[in-house]
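J.:
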Amino acid sequence: MSARSREIHLASRPEGWPTAENFRLVETEVPTPGPGQVLVRNRYVSVDPYMRGRMNDVKSYVPPFALDAPLDGGAVGEVVASEAEGVQPGDTVLHGLGWREYALLDAKAVRKVDPDLAPVTAYLSVLGMTGLTAYAGLLEVAGMQPGETVFVSAAAGAVGSLVGQIAKLRGAAHVVGSAGSAAKVERLRALGFDAAFDYHDGPVRDSLKAAAPGGVDVYFDNVGGDHLEAAISAMKVHGRAAICGMIAQYNDTEPPAAPRNLALLIGKRITLRGFLVGDHGHLRDEFVREMAGWLRDGKVSYDETVVDGIENAPEAFLGLLRGENLGKMLVRV
């Protein structure tokens, strides 16, 4: 093919908060698929908090992004050329080579999705990894039971907003969320959270105590830091926390100041359990079936913040780290 493709490369590794200078827009030739391969024209790509960790050259559960090479991440697009059986031009597919306009992949690395069943963006959010993260983290990792009190940090984000709604649908007695603005707090109340607070309004520990005076059984952690410390203080005996993310310290260059109360884990017999959504693939069919039903019945809502143009993907990512998104942050390619 003679067309050109634009993609975002990692130009340098951030020290502390990333800046626009850490990224580079690069133009390349669109490749031609070989045997067993497909070429996809991306329509939407996902930017997610975990990507910040991959910009550091450190050993982790996933390899770091390479310098002077395209970043990657969730994407959904249309197959425009195929040399593989079972995948045809015109198919809509989900895959892991985002941050670019065109992606060349082995056919086994794409998953066909039905654009008539749901908007294609839903496969990157409520019906995709985001939704499964919320579902598995709350129900399997934290083991939430009906009648319990649940606290969710970054609750207006893509994962947190679904955690709160799933908790209510699965019988939680009281669901509390924290968010970063008055508008986001109002959105949480509209989504069915029993209580919500802006963490800028005062110490998280005090706000949580006021919102859940009887204590917390389950904490879904997207933030870490002072939120995790506050949750530990508010935990009931045998409380559980699913540690999904710690965005409060992703850009720190010094060791975190909190939590400082980890000794409380002993007397309260608290469980803190980190998890990766990839370990819970066995729940995918159950999750999709249940979530699709909730969506069909209007019981679950989800928000998206969409930025146009692959050239603006770095700014979308920086906006995500600044908390400028409501729900899922996506780039329309």
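In terms of the numbering used here, the sequence shown is residues 157 to 489.
For each residue, glycine too, the CB sits at the ideal point set by N, CA and C.
Nearest to S168 by CA position, among V360, P369 and F179, is which residue?
T.: Considering only alpha carbons, the answer is F179.
J.: Drop a sphere of 10 angstroms on the beta-carbon of N407, count the other beta-carbons inside from all chains shown, and report buried for 16 or more, exposed for fewer.
T.: Exposed, since its Cβ has fewer than 16 Cβ neighbours within 10 Å.
J.: Run through the stretch 250–284 for me and flag every whole beta strand (DSSP E) of 3 or more residues, listed as ranges in chain order.
T.: Counting only runs of 3 or more, we get 258–262.
J.: According to the neighbour-count rule (16 or more other Cβ atoms, all chains shown, within 10 Å of its Cβ), is V393 buried or exposed?
T.: V393 comes out exposed.
J.: Hey, could you find the ends of the beta strand (DSSP E) M391 is sitting in?
T.: Where M391 is concerned, the enclosing beta strand (DSSP E) stretches over M391 to I399.
J.: On the DSSP bridge list, what partners appear for H165?
T.: H165 is bridged to R180 and P226.
J.: Contact check, L294 vs A323 under 8 angstroms by CB: the rounded distance?
T.: At roughly 6 angstroms, the Cβ-Cβ gap stays under 8 angstroms, so L294 and A323 are in contact.
J.: Within its chain, find whatever has a CB closer than 6 angstroms to the CB of L223; leave out the 5 residues flanking it on each side and keep chain order.
T.: Closer than 6 angstroms at the Cβ level, and outside the excluded window around L223, lie L166.
J.: What is the rounded straight-line gap between the Cα of K484 and the Cα of V203?
T.: Near 8 angstroms, if we compare the C-alpha coordinates of V203 and K484.
J.: When you compare only the Cα positions, how much space is there between R440 and L288?
T.: Computed Cα separation, rounded: 7 angstroms.
J.: Of the choices L250, L260, G230 and Y200, whose alpha-carbon is the least far from that of V194?
T.: The candidate whose alpha carbon is nearest that of V194 is L260.
J.: Output the distance between the C-alpha atoms of H383 and A469, rounded to the nearest integer angstrom.
T.: Going by the C-alpha atoms only, they are around 28 angstroms apart.
J.: Taking the alpha helix (DSSP H) that D362 falls in, what are its first and last residues?
T.: Looking at the DSSP string, the run of the alpha helix (DSSP H) that includes D362 is V360 to A367.
J.: Please state the DSSP three-state secondary structure of A328.
T.: If DSSP states are grouped into helix, strand and coil, A328 belongs with coil.
J.: In whole angstroms, what separates the C-alpha of G252 from that of Y375?
T.: Each residue's alpha carbon lies about 29 angstroms from the other.
J.: Pop quiz: S424 and G395 are said to be a contact at Cβ under 8 angstroms. What is the actual Cβ separation, rounded to whole angstroms?
T.: In the sequence on display, residue 424 carries Lys and not Ser. About 6 angstroms separates the two Cβ atoms, so the contact holds.
J.: Measuring only the C-alpha atoms, how far is M211 from P187?
T.: Distance between the alpha carbons of M211 and P187: 26 angstroms.
J.: Would you give the residue range spanned by the alpha helix (DSSP H) that K455 belongs to?
T.: Careful: K455 lies outside any alpha helix (DSSP H) and carries neither H nor E.
J.: In the DSSP assignment, the beta strand (DSSP E) including F353 goes from what residue to what residue?
T.: From DSSP, the beta strand (DSSP E) with F353 extends over A351 to D354.
J.: Which residues share a DSSP beta bridge with S238?
T.: S238 pairs with V194.
J.: Just to check my reading of the structure: M402 and V379 have Cβ atoms closer than 8 angstroms, yes? What is that Cβ distance to the nearest angstrom?
T.: Right, their Cβ atoms sit about 7 angstroms apart.
J.: Kindly indicate which three-state DSSP category A231 falls into: helix, strand or coil?
T.: Residue state, collapsed to three classes: strand.
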